[in-house]
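> Provided herewith is a single structure, encoded as structure tokens, for subsequent inquiry.
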Amino acid sequence: RLRKWQSRLRVSDAAERNLAFALSELDRIASQLKLPRHVEEEAARLYREAVRKGLIRGRSIESVIAACVYASCRLLKVPRTLDEIADISRVDKKEIGRSFRFIARNLNLTPKKLFVKPTDYVNKFADELGMSERVRRRAIAILEEAYDRGLTSGKSPAGLVAAALYIAGLLEDEKRTQREVAEVARVTEVTVRNRYKELVDKLNLKIPV
Amino acid sequence: MVDMSNVKLRIENIVASVDLFTQLNLEKVIEICPNSKYNPEEFPGIICRFEEPKVALLIFSSGKLVVTGAKSVEDIERAVNKLIQMLKKIGAKFGRAPQIDIQNMVFSGDIGMEFNLDAVALSLPNCEYEPEQFPGVIYRVKEPRAVILLFSSGKIVCSGAKSEHDAWEAVRKLLRELEKYGLIEEEEEW
DNA sequence: GCTTTAAAAAGTAAGAT
DNA sequence: ATCTTACTTTAAAAAGC
């Protein structure tokens, strides 16, 4: 009888210790990324739900917490790249991505709920690049036309937004280098260049020389 | 009825598990396998490659094998028989015919139509689409059990099926779902 | 869970020239 | 800048850690 009691206490002890560790890790990531409180709270809620459904088995607490942070950002439309989260997590991007897809599947986080409009990424990157409202509008118009022309399926949203901002910068005389847009979007210059070429070619954009 | 007349499937890889029903001394087996690798510390089996038929074999001391890279079931049978002939020279005894089980078949294919994957992901239930991580939509078919990767070009990859018939059945189910949610007739209106 | 093997799809990445 | 090579995703088995 007493033994059973003790083992239960031990189990709840371990569970509490794990939760405390998870929440402290969440706090660390949230503060470093300067995430709004509601995003951190949603990530905590997702994590508790994942624990309740036994989704942590076979995965590290750290990768699941990082995945919950990313999922929370997606759900609440607070643009953050997986790279930014991976930078401050001890777990690598690939592992966080796996945990993210796993919890998304099991917590019914559908592509629809997780969809973040390119517009939100345009604003985030433009903020970091100090670009004007005029450039943002232009970039969004380019992205909309690209979508209508079927040029965006399967492509990295970050790469597309980076290229659109690069082009909009040239058109509106607020140039930023490919290196600068690539850096904020966390893609390579080659990706920006490839998207840029395709958009300029297929949308017949006239770039001032 | 779903129109499958424009759909193509091509076999790319077959994985089979095989039981030779004979224990093997891998140290002896290595010496008769030309291009093979054996590092028990990193992997318990011998990794052996045949050029004809072009397959890769994983050989275990239990007498069980994994044959991969084949493009046909016949290739697997030929590879297994070839290995058996080699093992006989090294003194292995075979009391019964090997048991070959097809475990997985991978196909590449084409649905013959382009897709707006954002639209597919929005309406097709139980699918995954994370273009930042992988360019295709991932769709899991329960029965027959298989997974299909759908790309915007309409090209697909179907894996997990245990027969060509199952692969076609899985693709048929995906097409039924795409049709059900109005994702088939698009084309102009993206 | 991981290790090893094969193969395709399309996109992105990395290192070399 | 462009090329080549390589890695992301999917499935499954083998024996052992």
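Going down the list, the sequences are from chains A and B.
1 is the number of the first residue of the first sequence in the working numbering; add one for each residue after it.
210 is the number of the first residue of the second sequence in the working numbering; add one for each residue after it.
All residues carry an ideal CB built from backbone N, CA and C; glycine is no exception.
Determine whether the beta carbon atoms of A:Thr-119 and A:Ala-162 lie at a separation below 9 Å.
Result no, Cβ atoms of A:Thr-119 and A:Ala-162 do not sit closer than 9 Å.
> By how many angstroms is the C-alpha of B:Ala-265 removed from the C-alpha of B:Gln-312?
15 Å
> Beta-carbon within less than 8 Å of A:Val-200's beta-carbon, same chain only, minus the 5 sequence neighbours each way: which residues are those?
Only residues of its own chain outside the window of five on either side were considered, and among them Ile-167, Ile-207 have a CB closer than 8 Å to the CB of A:Val-200, listed in chain order.
> Return the CA-CA distance between B:Val-276 and B:Cys-242, expressed in angstroms with no decimal places.
15 Å
> Closest to B:Ile-299 by C-alpha separation, out of B:Leu-218, B:Thr-231, B:Phe-230, B:Val-238, would be which residue?
Ranking the options by Cα distance to B:Ile-299, first place goes to B:Val-238.
> Of all the CB atoms in chain A, is at least one closer than 9 Å to the CB of B:Ser-317?
For B:Ser-317, the answer is no, since every Cβ of chain A falls outside 9 Å of its Cβ.
> Rounded to the nearest angstrom, how far is the Cβ of B:Ile-255 from that of B:Leu-235, given a contact under 8 Å?
6 Å
> Any residues in the region 48 to 70 of chain A with a beta carbon nearer than 9 Å to a beta carbon of chain B? Which ones, in chain order?
none
> Specify, as a first and last residue, the run of the beta strand (DSSP E) that B:Asn-222 falls within.
217 to 228
> I'd like the list of long-range same chain contacts for A:Glu-180, defined as Cβ closer than 8 Å, with 5 residues on each side in sequence excluded.
Leu-129
> Going along chain A, which residues have a C-beta under 8 Å from B:Tyr-390?
Here the premise fails: no neighbours, minimum Cβ distance about 12 Å.
> State the Cα-Cα distance for the pair A:Arg-28 and A:Tyr-70, rounded to the nearest angstrom.
14 Å
> Would you mind telling me which residues of chain B sit closer than 8 Å to A:Lys-112, beta carbon to beta carbon, in chain order?
Chain order gives the chain B residues near A:Lys-112 as Ala-330, Leu-331, where near means a beta carbon separation below 8 Å.
> Comparing the C-beta of B:Trp-399 with each C-beta of chain A, is any distance below 9 Å?
For B:Trp-399, the pLDDT reaches just 46, beneath the cut-off of 50, and the residue's location in the model is therefore unreliable, leaving the point undetermined.
> Using a Cβ cut-off of 9 Å, which residues of the region 263 to 286 of chain B contact any Cβ in chain A, in chain order?
none
> Taking a Cβ distance cut-off of 8 Å, strictly less, list which residues of the region 144 to 159 of chain A are near chain B, in chain order.
Against chain B - using a Cβ distance shorter than 8 Å - the residues of the region 144 to 159 of chain A are Tyr-147, Asp-148, Arg-149, Gly-150, Thr-152, Ser-153, Gly-154, Lys-155, Ser-156, Pro-157, Ala-158.
> Less than 9 Å separating the beta-carbons of B:Ala-317 and B:Val-350?
Just to set this straight, residue 317 of chain B is Ser in the shown sequence, not Ala. Cβ atoms of B:Ser-317 and B:Val-350: not closer than 9 Å.
> Just to confirm my understanding: we take B:Glu-378, look at its own chain, exclude 5 residues before and 5 after, and list those with CB closer than 7 Å. What are they?
Excluding sequence neighbours, B:Glu-378 sits near Pro-353.
> If you draw a straight line from the C-alpha of B:Glu-382 to the C-alpha of A:Glu-49, how long is it?
As written in the sequence, residue 382 of chain B is Lys, which differs from the Glu given in the question. Rounded to whole angstroms, B:Lys-382 to A:Glu-49 spans 32 Å at the Cα level.
> Per DSSP, what kind of secondary structure is B:Ala-355 in: helix, strand or coil?
strand
> Scan the region 80 to 102 of chain A for residues whose Cβ lies nearer than 7 Å to a Cβ of chain B and list them as they occur along the chain.
Leu-82, Gly-97, Arg-101
> Would you mind sorting A:Ile-142 into buried or exposed? The rule is 16 or more other CB atoms within 10 Å of its CB.
buried
> Just the C-alpha distance for B:Lys-389 and B:Leu-333, rounded to the nearest angstrom, thanks.
9 Å
> Starting from the Cα of A:Ala-20, find the closest Cα among A:Thr-81, A:Ile-65, A:Lys-34 and give me that residue.
Nearest option by C-alpha distance: A:Ile-65.
> Within its chain, find whatever has a CB closer than 6 Å to the CB of B:Ile-223; leave out the 5 residues flanking it on each side and keep chain order.
Ala-279, Met-314
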